[in-house]
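Step one of this worksheet: look at the structure below.
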Amino acid sequence: MSSSLNRLKAPTSCLLLDVSMPGMSGPDLYQSPIAAQIHLPVVFITGVEDESARSRLIQQGATDCLLKPLQDDALQDALAHAIGEA
């Protein structure tokens, strides 16, 4: 995991993470930079409509949590908001 965190020290504007990934969930992965005090905006994507999970992710600091299949405009808007261009 430390090599992944080292990559995050390079210019990274935003993380786009799937909630459900093989090996480690997106929310679990998101905790690594937080623990290392690396502050990056994150947009989650998910194929499961679960408003309580979405609310929890946003409460924990996510910019947004989008439902798949993604709408191009929704993704562009969420990423623009995450990197401060909205």
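Residue numbers (full-length UniProt numbering): 1 to 86. From the three backbone atoms N, C-alpha and C, an ideal C-beta is built for every residue, glycine too. Treat the numbers as computed from the prediction; the structure is a model and nothing was measured.
Going by the CB atoms, is the gap between residue j and residue i shorter than 8 Å?
{"i": "V43", "j": "A62", "result": "yes"}
{"i": "I45", "j": "L79", "result": "no"}
{"i": "L66", "j": "A53", "result": "no"}
{"i": "L17", "j": "L40", "result": "no"}
{"i": "S32", "j": "I83", "result": "no"}
Under the three-state reduction of DSSP, which class applies to residue i: helix, strand or coil?
{"i": "L57", "result": "helix"}
{"i": "L75", "result": "helix"}
{"i": "L15", "result": "strand"}
{"i": "G23", "result": "coil"}
{"i": "Q31", "result": "helix"}
In the DSSP assignment, what residue or residues form a beta bridge with residue i?
{"i": "I83", "result": "BP columns for I83 are empty, so no partner."}
{"i": "C65", "result": "F44"}
Within 8 Å (strictly less), CB to CB, does residue i reach chain D?
{"i": "P41", "result": "Reference to chain D is not applicable here, since this structure consists of a single protein chain."}
Considering only the alpha carbon of each residue, which of the options lies closest to residue i?
{"i": "Q60", "options": "G26, S20, M21, P22", "result": "G26"}
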